[in-house]
Amino acid sequence: SFIVIVFAMIFRIMDRLAPEPIFLIEGACSAISFSDSLYFSLITMSTVGYGDITPTGEVVRVVAAIEVLLGILLFLFGFAEIMRYVREANRKSGADR
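Using the numbering used here, you'd call the opening residue of the sequence shown number -14 and step up by one each time.
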């Protein structure tokens, strides 16, 4: 959740600092609100990518790609931790012999 909020803030700041809007929202170039950036961040992190909000600038695309990579890594580390816990529980119960 924290990563989604941080990236939402980054997208919002990037849009505010850019001389022109760097997102297409429903096909029109416009400034992104914080709620839209939060939505975009969540959709990007989950790798769903509906396409209703799309980045137009190269830098914001790179940031979105970094968010996707972090989301995948977070998922993989979480899955690895669950698997480690299951293996340890099986080892303690003697079922893994």
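Even glycine gets a Cβ: it sits at the ideal position worked out from N, Cα and C. Bear in mind that the values here come from a model prediction, so they are computed numbers and not experimental data.
Is DSSP giving Ile10 helix, strand or coil here?
It is a strand residue.
Counting only the same chain and skipping the five closest in sequence on each side, list residues whose C-beta sits under 8 Å from that of Val53.
So the list reads Thr29, Met30 and Thr32, once near-sequence residues are dropped.
Exposure label - Asp37; buried when at least 16 CB within 10 Å:
Looking at its Cβ environment, which holds fewer than 16 other Cβ atoms inside 10 Å, Asp37 is exposed.
Neighbourhood of Ala(-7) by C-beta distance below 6 Å, restricted to the same chain and skipping five residues each side:
Ser22, Leu23 and Ser26
C-alpha distance - Thr39 paired with Arg72, whole-angstrom precision
42 Å
So which of Tyr70, Phe60, Ile67 and Pro4 has the shortest CA-CA distance to Ile(-12)?
Phe60
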